[in-house]
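Q:
Residue numbers (the working numbering): 159 to 380.
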């Protein structure tokens with residue numbers, strides 16, 4: 159059994175290392191929408207946003223939530239004295255993988271989680287994929303990685319994973335946009351960094367291997 163824990167989507171300490179990076183996301187249309195989403199959350203942009211698209215060709219984009227949603231679920235049993243509560247990101251409870259299988263959200267408990275938001279037609283996501291796969295493999299057993307595929311259909315999502323050799327971690331089919339909306343993701347690629355005790359911070363844009371590793375090192379000790 160799990161119960162919701164409040165965890166607003168925010169940006170603070172362990173994303174400070176990215177302040178000098180220039181964000182990149184697929185397309186050019188919709189930069190103002192993404193900046194508005196940041197403003198609505200009360201979050202200053204970590205860097206200049208360049209070329210953001212909030213919609214896929216022929217598809218409607220998920221609408222960012224206007225209120226921060228609870229970000230985690232916690233075990234109902236009391237934690238041992240001096241230990242952190244064991245939490246799982248509630249947004250992933252009941253999710254389905256791109257292969258149509260139920261996703262075990264409880265598998266995320268006890269470790270930090272990196273959620274990578276991508277779309278199968280996104281050129282920048284495709285370019286970022288090798289770095290994500292490399293870092294996911296490097297931190298296997300220390301940090302959970304989950305791909306959250308949106309703005310497409312399951313067959314093209316599976317094709318993307320096969321083409322980019324990113325099958326080393328699970329990918330969820332979020333064609334409904336529910337998880338994207340939960341974390342207020344307005345464009346892709348993007349990330350949600352979730353500490354093992356349930357704090358959530360988001361980043362919009364490509365990070366590259368070095369940028370991603372820098373954040374993960376801070377995430378581990380956060």
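Just so it is clear, CB atoms sit at the ideal spot from N, CA and C, and this is done for glycine as well. It should be emphasised that the depicted structure is a prediction, and the values quoted were computed from it without experimental measurement.
If you reduce the DSSP assignment to three classes, tell me which class residue 378 lands in.
A: Counting from 1 along the chain shown, the entry for residue 378 is found at position 220. Looking at residue 378 - three-state DSSP - the assignment turns out to be helix.
Q: What span of residues does the beta strand (DSSP E) with residue 352 cover, start to end?
A: One-based indexing of the chain shown puts residue 352 at position 194. Note, residue 352: beta strand (DSSP E), 348-352.
Q: Taking buried to mean at least 16 other C-beta atoms within 10 Å of its own C-beta, is residue 185 buried or exposed?
A: The count along the chain shown starts at 1 and reaches residue 185 at position 27. At residue 185 the pLDDT is 48, less than 50, meaning the model places this residue with poor confidence and gives no usable figure here.
Q: For residue 258 versus residue 312, is the C-beta spacing smaller than 8 Å?
A: Taking the first residue of the chain shown as position 1, residue 258 is located at position 100. Taking the first residue of the chain shown as position 1, residue 312 is located at position 154. The answer is yes: Cβ separation under 8 Å.
Q: So, at 7 Å on beta carbons, what are the nonlocal neighbours of residue 350 in its own chain, with the 5 sequence-adjacent residues on each side left out?
A: On the chain shown, residue 350 is found 192 positions in, with the first residue counted as 1. These residues qualify, in order along the chain: 273, 341, 358 and 360.
Q: What does DSSP give as the partner residues of residue 276 in its beta bridges?
A: As a working mapping, residue 276 is identified with position 118 in the chain shown. Residue 276 pairs with 307.
Q: In terms of residue numbering, what span does the alpha helix (DSSP H) encompassing residue 321 cover?
A: Taking the first residue of the chain shown as 1, we reach residue 321 at position 163. Counting along the chain, the alpha helix (DSSP H) containing residue 321 begins and ends at 312-322.
Q: Quick one, are the C-beta atoms of residue 284 and residue 322 less than 8 Å apart?
A: Translated into the one-based positions of the chain shown, residue 284 becomes position 126. Translated into the one-based positions of the chain shown, residue 322 becomes position 164. Yes, Cβ-Cβ distance for residue 284 and residue 322 is below 8 Å.
Q: To the nearest angstrom, how far is the alpha carbon of residue 300 from that of residue 265?
A: Within the chain shown, residue 300 is the residue found at index 142, counting from 1. Within the chain shown, residue 265 is the residue found at index 107, counting from 1. Rounded to the nearest angstrom, the two C-alpha atoms are 13 Å apart.
Q: Take residue 330 and list the residues in its own chain whose beta-carbon comes closer than 8 Å to its own, dropping the five residues that flank it on each side.
A: Position 172 of the chain shown, counted from the first residue, corresponds to residue 330. Same-chain partners within the cutoff: 250, 253, 254, 255, 256, 261, 304, 305, 306, 307 and 337.
Q: Do the CB positions of residue 354 and residue 270 come within less than 8 Å of each other?
A: As a working mapping, residue 354 is identified with position 196 in the chain shown. As a working mapping, residue 270 is identified with position 112 in the chain shown. Yes, the Cβ-Cβ distance between residue 354 and residue 270 is below 8 Å.
Q: Could you have a look at residue 359 and say whether DSSP puts it in helix, strand or coil?
A: What you label residue 359 is simply residue 201 of the chain shown in a count that begins at 1. DSSP places residue 359 in strand when its eight states are reduced to three.
Q: Apply the 10 Å Cβ neighbour rule to residue 326 and answer buried if 16 or more other Cβ atoms are within range, or exposed otherwise.
A: Start at 1 with the first residue of the chain shown, and residue 326 comes out as number 168. Classification of residue 326: exposed, given that the 10 Å Cβ count is below 16.
Q: Between which residues of its own chain and residue 263 is the CB-CB distance below 6 Å, once the five residues before and five after are set aside?
A: As a working mapping, residue 263 is identified with position 105 in the chain shown. These residues qualify, in order along the chain: 246, 250 and 251.
Q: Residue 371 and residue 293: beta carbons closer than 8 Å?
A: Against the chain shown, residue 371 aligns to sequence position 213. Against the chain shown, residue 293 aligns to sequence position 135. Yes, the Cβ-Cβ distance between residue 371 and residue 293 is below 8 Å.
Q: Is residue 301 helix, strand or coil when you go by DSSP?
A: One-based indexing of the chain shown puts residue 301 at position 143. Three-state DSSP puts residue 301 in coil, outside helix and strand.
Q: For residue 128, count neighbouring C-beta atoms within 10 Å of its own C-beta (all shown protein chains included) and say buried if the count is 16 or more, exposed if not.
A: Outside the shown range of the chain (159 to 380) lies residue 128, about which nothing can therefore be said.
Q: The beta strand (DSSP E) spanning residue 331 covers which residue range?
A: Along the chain shown, read from residue 1 onward, the residue named residue 331 stands at position 173. It spans 329-331 - the beta strand (DSSP E) in which residue 331 sits, taken as one unbroken run.
Q: Looking only at its own chain, which residues have a Cβ that is under 6 Å from the Cβ of residue 286, when we skip the five neighbours before and after it?
A: In the chain shown, counting from the first residue as 1, residue 286 sits at position 128. Only 347 and 364 meet the Cβ criterion.
Q: When the Cα atoms are used, what is the spatial distance from residue 378 to residue 334?
A: Looking up residue 378 in the chain shown gives position 220. Looking up residue 334 in the chain shown gives position 176. Cα to Cα, the separation comes out at about 31 Å.
Q: With residue 324 and residue 345 assumed to form a contact (beta carbons below 8 Å), what rounded beta-carbon distance in angstroms separates them?
A: Within the chain shown, residue 324 is the residue found at index 166, counting from 1. Within the chain shown, residue 345 is the residue found at index 187, counting from 1. Incorrect: roughly 19 Å between the Cβ atoms, too far for contact.
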